[in-house]
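Each residue of the sequence shown is one higher than the last, beginning at 3 in the working numbering. Ideal Cβ positions, reconstructed from N, Cα and C, are used throughout, including at glycine. The structure presented is a predicted model; accordingly, all values stated were derived computationally and were not measured.
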Amino acid sequence: MAKPDDAVTKLTRESSDVASPGGVRRLNYDELFTPSRTIPLAGRTALVTGASSGIGKATACMLAQEGCNLFLVARREPQLLEIKTEVEKRGLPGKVTVVVGDVSKDETYDALRTAGAYDQVDIIVNNAGLARGKEPVGSALLSDWSEMMDANCLGAFRLVNELLPGMIARGGGHIISTGSIAGLESYENGSVYCASKHALHAFMKCLRYETYAKNIRTTVLAPGFVGAGTEFSEVRFKGDETKIAATYAGMEELSASDVASNIVWVLQQPANVNLDLVHIMPTCQGGATRIHRVAAPSS
Ligand SMILES: NC(=O)c1ccc[n+]([C@@H]2O[C@H](COP(=O)([O-])OP(=O)(O)OC[C@H]3O[C@@H](n4cnc5c(N)ncnc54)[C@H](OP(=O)(O)O)[C@@H]3O)[C@@H](O)[C@H]2O)c1
């Protein structure tokens, strides 16, 4: 882990190497003709919540491929163990620790502490979350609202609250939260999901203000439609196959791996670079409710 001042020191040294007489920082051609600047993640320790499916699962697998040690968190144990087995089968060097639990429950934090996460994690992929139901206000179920607020807000906030002090004490880290286009634009029938993601975005902005002087990088990754590899619509529409199919009809939505590869790219930025907000949508999506769909050819 780079110490807080390493990036600043490095920039200052480079500046003095190539400073013009006026002191303006100039880049030489060796700096300009380089492949894009990214840093390796091998040996880092990442905690991924919502790792049993979708974006979290794809991110966990990609981080394992990059050589990270992993803490995998979700409520379904078999799915997490399957990833651990797959990482080991592939002979990847990182250690995988499975922690089964709900991010909004006390027991999960006891288990994380026992497993050593509080002492080791320097990357948090704060991703567990869900949309449940798509009814207008007035006919929504309170239990759906509670489930979303517990996971998307209280769980996500608490995870950071618990692990941040250790990260600061160890010299820094990176917290990346899976926000949503729903945290930037509200849409009809998505009231509490949109509210929960707006709250997450607001929380992350406060976190940025509170930690930028402590070598903590924070990022909101806000995707639009993500389908392949996720159970998002299955969960939202409670298994209603017609509604699930209609969600992605006639469009090429993002896959979980498309989002994961952007999460990994964000994490690979050099120490002096912080991406505060990455908003990623499929090419055919212009906004929360603007989707270009192509009708299936009639047979
Ligand atoms: N798919 C999209 O279109 C889309 C767009 C924007 C943002 N997002 C956000 O992306 C994140 C990941 O969603 P996804 O699309 O990958 O859906 P997904 O395939 O359904 O994955 C959701 C993950 O979150 C976990 N999870 C849910 N509630 C949890 C809780 N209380 N405690 C612990 N884990 C919990 C689930 O695991 P268990 O059930 O095993 O606990 C699962 O691993 C969510 O925050 C979602 O809001 C999704």
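Could you tell me the alpha carbon to alpha carbon distance between residue i and residue j, rounded to whole angstroms?
i: Glu-187; j: Lys-207; result: 16 Å
i: Glu-1; j: Lys-245; result: An answer regarding residue 1 cannot be provided, because it is not within the stretch 3 to 301 covered by the chain.
i: Ser-259; j: Thr-87; result: 19 Å
i: Asn-1; j: Arg-39; result: Since the first and last residues shown for the chain are 3 and 301, residue 1 lies out of range.
i: Gly-289; j: Ala-204; result: 20 Å
i: Thr-291; j: Val-50; result: 29 Å
i: Ala-53; j: Asn-71; result: 14 Å
i: Tyr-214; j: Gly-174; result: 10 Å
i: Leu-43; j: Gly-96; result: 11 Å
i: Lys-91; j: Ala-60; result: 17 Å
i: Glu-255; j: Thr-249; result: 10 Å
How would you label residue i, buried or exposed, when you count the other beta carbons within 10 angstroms and need 16 or more for buried?
i: Ser-141; result: exposed
i: Leu-209; result: buried
i: Pro-80; result: exposed
i: Leu-13; result: Note that Leu-13 scores 37 on pLDDT, short of 50, meaning its location in the model is unreliable; the coordinates nonetheless yield the value given after this. Label assigned to Leu-13: exposed.
For residue i, tell me which candidate among the options has the shortest Cα-Cα distance.
i: Leu-161; options: Val-105, Met-150, Tyr-214, Arg-292; result: Val-105
i: Ala-133; options: Ser-55, Gly-24, Val-194, His-294; result: Val-194
i: Tyr-111; options: Leu-65, Glu-68, Leu-202, Val-75; result: Val-75
i: Ser-263; options: Pro-138, Arg-77, Ile-57, Thr-99; result: Ile-57
i: Leu-223; options: Glu-84, Met-151, Ala-297, Ala-130; result: Ala-130
Enumerate in chain order the residues of its own chain whose CB-to-CB distance from residue i is below 6 Å, with the five nearest sequence positions on each side excluded.
i: Thr-221; result: Ile-178, Val-268, Leu-277
i: Ala-201; result: Cys-155
i: Ser-17; result: Because the pLDDT at Ser-17 is just 41, under 50, the model does not fix this residue reliably, and the value given afterwards should be weighed accordingly. Result list for Ser-17: Arg-27, in chain order.
i: Asp-146; result: Arg-134, Gly-135
i: Pro-138; result: Asn-191
i: Val-20; result: Because the pLDDT at Val-20 is just 48, under 50, the model does not fix this residue reliably, and the point stays unresolved.
Tell me which residues share the same chain as residue i and place their Cβ nearer than 7 Å to its Cβ, disregarding the 5 neighbours each side in the sequence.
i: Gln-287; result: Gly-226, Phe-227, Ile-293
i: Asn-36; result: Correcting the residue identity first, residue 36 is Thr in this sequence and not Asn. Contacts found: none.
To which residues of the same chain is residue i closer than 8 Å at the C-beta, ignoring the five residues directly before and after it?
i: Pro-272; result: Ala-9, Arg-39, Thr-40, Ile-41
* Which whole runs of the beta strand (DSSP E) in the segment 195-278 are 3 residues long or more, in chain order? -> Unbroken beta strand (DSSP E) stretches of 3 residues or longer found wholly inside the segment 195-278: 218-225, given in chain order.
* Asked: In the segment 132-205, which residue ranges form an unbroken beta strand (DSSP E) of at least 3 residues, counting only runs that do not cross its ends?
  -> If one requires a minimum length of 3 residues, the beta strand (DSSP E) runs lying completely within the segment 132-205 are 175-180, in chain order.
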